[in-house]
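Below is one structure; the comments refer to it alone.
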Amino acid sequence: MKINFRSYGFKVEDDFINRIKELYDQGLYQREIADKIGCGRLTIIKAFKKYGIESIRRDQLFRKCGFNSDKEMATKFEELYKSGMSQQDIAKKFNISKDPIRWCFERHGIKKRTNSEVVGLVTANHIDLPDREIEIINGMLLGDGFIECRKYSAFMNYVCKHKKVTDSASKELKRLNTKVYKKYSRNKGKIWHRAQTRSFIELLDLRKKWYPENKKIVPKDTKLTPETCYWWYIGDGGTGNSSLMLCTNNFSIEEVEFLISRLPVHASLNMSYNKNQNKSYPVIRICRQQERIKFLKYIGPCRHQVYAYKWLIYDSKNRIKVDLSGIKGDKIRPSDQNNIDEIIPPPIDANETRRGFKFKKYGFQSEGEFEQNIRDLYHKGFSQKQIAEKFRCKRHTITRAFKIFNIKSRRGTLYERLEFKSEKEMIQQFNDLYIMGLSTKEISEKFKSSVLSIHKYLRKGNTKFRST
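For the sequence shown, UniProt numbering assigns the number 1 to the initial residue and increments by one for each residue that follows.
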């Protein structure tokens, strides 16, 4: 079996043998070695037999690539191919040539990309997102933002009725080539503005993280930074005389509890009832005055004047609303950001003071007479709501009076109704069930109580809520 190695540019036979071995070790197959040397494939086959070069058959390719089976290798190749890698990229990754990759695809029926898909993948946009832009996008997604995906890329949408806000979002996400569009809602008769980015491959990863099964969730690695909380608050937050609220309508109770555990302030979970949909949704409330101030300090001053009203805190002592937005206005008294704690006093403890009742407005000469009438009506069987209707006042006024005057509820405490010996025993039972893996909703169903009550007593017992 003679091989004319000199005709291929080799002076010594050993050089010819070493060159074949070198190319084969690089991952090239016999046909590719023949192309490199400039001879026919049969010559290389003869050389393998003559010089005793051990060859690996294609059906044993998986061993060379470090897999346990041919099927495992094909699954990995398909996964890499679907992620956007080409056959050439896969070959380079495993230090082999493209030819065996093509053979593996044909053998296992892995569908190749069409020409249009190849063009779309090659021309797709790439971007390196900095942390601040990711924080802004996360805040938008916690609110009214959403990500739509294509096959190999995705784009971000942020909808708002205020054009100035969408313009601001466009500037914040300028590197994503964000443009603002006007949208008219025929059903509601309103004009909306939508900030939409270009499609980027990197946004597809965010889409998969936030919409694993085409339904929005809260990823477990979400960090509630000041920037994230700011965009969440202006999108889905609100304020009242007694609390700040963060809407979480689309998320489960477990996800809302996770968000509460990540907030830098003390917050609670409440259920909000939607009359139109006849359904209750979880919301986050920040009730304590100092915690509300702390939250607004955390997210920083308001950057959008249309949302300055969300930075108003009710000063119960002076009976005015104090503006913490940092934006000066004519109708509201702006505060000095450095002296917020001096302007707004600590919240009043209902157990230590009786101020605030306008008993003369309800036809009583003294606070004692007001208290006695409430006690008499309650012992006669009147509910708090019925007493409020009789006095022509709001129900929360009577509820507050019950706390201040220490009027014991007919229902008794929760642990008495659940037949526990003490509140401590009840909290311990709740805590044990929660550690076992039950959610607050499941515990509430077990004891036929509200989720809010379970959540309240778990916090009272310093239970560490699950964050993963």
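All C-beta atoms in this analysis are idealised placements derived from N, C-alpha and C, irrespective of residue type, glycine included.
Query raised in the report: Rounded C-beta distance between S449 and L414? I'm assuming under 8 Å.
Result: 7 Å
Query - Integer-rounded CB distance, given that R194 should sit under 8 Å from K183 - result: 6 Å
Requested in this report: Answer yes if the stretch 285-300 comes into contact with the stretch 233-244, meaning at least three C-beta pairs across the two stretches below 8 Å, and no otherwise.
Outcome: yes
Query raised in the report: If you check the beta carbons only, do residue 480 and H266 fall under 8 Å apart?
Result: For the chain, the structure presents residues 1 to 468; residue 480 sits outside this window and is missing.
Query raised in the report: So what's D323 in DSSP terms, helix, strand or just coil?
Result: In this structure, D323 counts as strand in the three-state DSSP scheme.
Query raised in the report: Grouping DSSP H, G and I as helix and E and B as strand, with all else coil, what is S280?
Result: strand
Query raised in the report: Whole-angstrom Cβ separation of L224 and L263, contact assumed at under 8 Å?
Result: 6 Å
Query - When H304, K361, S409 are compared against S168, the one with the closest alpha-carbon - result: H304
Query raised in the report: Taking the C-alpha atoms as reference points, what is the distance between R400 and G237?
Result: 26 Å
**Report entry** Enclosing alpha helix (DSSP H) for E227 [first to last residue]
**Finding:** 226-236
Query - Simplified DSSP assignment, three categories, for W455 - result: Reading off the sequence shown, one finds His at residue 455, where the question assumed Trp. Of the three classes helix, strand and coil, the one that applies to H455 here is helix, per DSSP.
Requested in this report: Whole angstroms is fine: what's the gap from I217's alpha carbon to P282's?
Outcome: 14 Å
Query raised in the report: Using a C-beta cutoff of 8 Å, does P301 count as contacting chain B?
Result: Among the chains in the structure shown there is no chain B, since it carries only a single protein chain.
Query raised in the report: Looking at C-alpha atoms only, which residue of R417, S409, W311 is the closest neighbour of Y230?
Result: W311
Query - Spatially closest choice to C104 from K76, D131, T248, S83, by CA coordinates - result: K76
Report task. Quick one: give me the first and last residue of the beta strand (DSSP E) that I147 is part of. Result -> 146-149
Report task. Count the CB pairs spanning the stretch 248-256 and the stretch 161-178 that are closer than 8 Å, and state whether there are at least three. Result -> no
**Report entry** As assigned by DSSP and simplified to three states, the class of V256
**Finding:** helix
**Report entry** Proximity winner among Q30, R63, K111, relative to E79 (alpha-carbon distances)
**Finding:** K111
Requested in this report: Starting from T43, follow its DSSP beta bridges and name the residues at the other end.
Outcome: Answer is none; T43 lacks a bridge partner.
Requested in this report: Consult DSSP for V306 and reduce its assignment to one of helix, strand or coil.
Outcome: helix
Query raised in the report: Secondary structure at H193, three-state DSSP: helix, strand or coil?
Result: Note: H193 maps to strand in three-state DSSP.
Query - Member of K446, V165, Y298, S439 whose CA lies at the smallest distance from the CA of V306 - result: V165
Query - DSSP beta-bridge partners of K163 - result: DSSP, once it has assigned bridges, lists no residue as partnering K163.
Query raised in the report: Which stretch, first to last residue, makes up the beta strand (DSSP E) that contains L173?
Result: No beta strand (DSSP E) contains L173, which DSSP labels as neither H nor E.
Report task. Kindly indicate which three-state DSSP category C287 falls into: helix, strand or coil? Result -> In the structure shown, C287 sits in coil (DSSP, three-state: anything other than H, G, I, E or B).
Report task. Can you give me the Cβ contacts of V159 inside the same chain, cut-off strictly under 6 Å, excluding the 5 residues immediately before and after it? Result -> D144, W192, R194
Query - Unbroken beta strand (DSSP E) run spanning M245, endpoints - result: Segment 244-247, the beta strand (DSSP E) holding M245.
Requested in this report: Let me know if N18 comes out buried or exposed under the rule of 16 or more other beta-carbons within 10 Å of its beta-carbon.
Outcome: Here N18 is exposed, its C-beta having fewer than 16 other C-beta atoms within 10 Å.
Query raised in the report: Over what stretch of residues does the alpha helix (DSSP H) that includes W311 continue unbroken?
Result: Looking at the DSSP string, W311 is not in any alpha helix (DSSP H), and its letter there is neither H nor E.
Report task. Return helix, strand or coil for N138, following the three-state DSSP convention. Result -> helix
Query - Residue burial classification, M271 (beta-carbon count within 10 angstroms, cutoff 16) - result: M271 sits exposed, since fewer than 16 C-beta atoms from the chains shown fall within 10 Å of its C-beta.
Query raised in the report: Beta-carbon separation of E227 and E135 under 8 Å?
Result: yes
Query - Proximity to L203 [Cα-Cα], best of W232, S153, I427 - result: S153
Query - Separation of I33 from Y211, as counted between CA atoms - result: 47 Å
**Report entry** Same chain, Cβ closer than 6 Å to D221, five either side skipped, listed in chain order
**Finding:** Within the same chain, no Cβ atom closer than 6 Å to the Cβ of D221 is found once the five residues on either side in sequence are excluded.
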